[in-house]
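Just so you know, the numbering used here puts the end of the sequence shown at 208, numbered straight through with nothing missing.
Here is the structure we will look at, set down as C-alpha cells.
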Amino acid sequence: MIADSLAPPNWLSRVPAGVKLAALALFSVALVPVDDWRILAAALLALGAIYAGFGRYGLTRLKLLRPLLPLLVVIGGVQALSQGFEAGAVIVMRLVAMLLAADLVSMTTTMGALMEVLAPPLRLLRPLGVNPRKMSLAVALVMRFVPVLMTRWRAREEAWKARSSRRVPVRLVAAFFAESLQLADRVAEALDARGFDTAPVTPRPPRR
Numbered sequence: 001m002i003a004d005s006l007a008p009p010n011w012l013s014r015v016p017a018g019v020k021l022a023a024l025a026l027f028s029v030a031l032v033p034v035d036d037w038r039i040l041a042a043a044l045l046a047l048g049a050i051y052a053g054f055g056r057y058g059l060t061r062l063k064l065l066r067p068l069l070p071l072l073v074v075i076g077g078v079q080a081l082s083q084g085f086e087a088g089a090v091i092v093m094r095l096v097a098m099l100l101a102a103d104l105v106s107m108t109t110t111m112g113a114l115m116e117v118l119a120p121p122l123r124l125l126r127p128l129g130v131n132p133r134k135m136s137l138a139v140a141l142v143m144r145f146v147p148v149l150m151t152r153w154r155a156r157e158e159a160w161k162a163r164s165s166r167r168v169p170v171r172l173v174a175a176f177f178a179e180s181l182q183l184a185d186r187v188a189e190a191l192d193a194r195g196f197d198t199a200p201v202t203p204r205p206p207r208r
C-alpha cells in the first residue's frame, strides 16, 4: 500500500534521506525571495526533467497535482488582483516548484529512512514530553500518505468519469473519506501488531 507510492529504484533513491531533506529545505528557502518568473520557470523545467526521467510513473505523479489546481488558481488570482498578473504567476510557480521538490523527496525515500533522519532533531523536544520516535513516525506517515490518498482519489475519479459524464457526486467523496478512515485503521492495527506503541508499564507502588 505505502510502498506503491515509492518510485522505482533510481539514482535519487540512492541519495541519503538527510541530504535530500537538507536540499529540499535549502531549495525552498532559496525560492522564497525569488520574484523573477524566468528563474522560477528554469527551476520548474529542471524539476520537470527529473520527473520525465521516471517515465510513466513520473507523469502519473504529476497528474496527482491536478486536485490542487483550483487552490492554486485562487491563490494566484488573489495575488494578481492585488499586485498584478506577474506577481500572481510568480507565487503559483513558486508553490508548484516547492510541491514538486517535496514530492520528489517523498517518492524516493522510504519511511524508515525518513524516521532515522527526523528522530535525532526531534529528540531536542523530549524535555517537553515529545516522544521523538512517535513524532518522526507521524511526520513520515503524513509525507507518505498524502500521495497515497491522492492516488486513490484519482483512481475513483477516473472510474466515475469512465462510467458517467456527470460531475463527481457527493457520495463518492463520502465513500473516499470512509475508505481513508479504513486505511488509517489498518495502518494503526499494523503498528500495534508490530508493537510500536507498546512500552513497559511502570508498576505503581502499593497504597499504604
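For glycine and all other residues, C-beta sits at the position ideal for the given N, C-alpha and C.
The residue among Phe54, Leu44, Lys161 and Val74 with its C-alpha nearest the C-alpha of serine 13 is Phe54. Check the Cα spacing between arginine 61 and each of Gly18, Arg154, Val173 and Arg166: the tightest is with Arg154. Here glycine 77 has Gly88 as same chain residues with Cβ atoms under 7 Å from its own Cβ, once five neighbours each way along the sequence are excluded. For the pair alanine 97 and alanine 30, the Cα-to-Cα distance works out to about 11 Å.
Looking at Pro33, Glu86 and Thr110, the one whose alpha-carbon comes closest to that of proline 16 is Thr110.
The beta-carbon separation of valine 139 and leucine 118, rounded to 6 Å, stays under the 8 Å limit for a contact. DSSP, reduced to helix, strand and coil, places proline 9 outside both helices and strands of the structure shown, so it counts as coil. In the assembly as shown, arginine 38 is an exposed residue. Its beta-carbon has fewer than 16 other beta-carbons within 10 Å.
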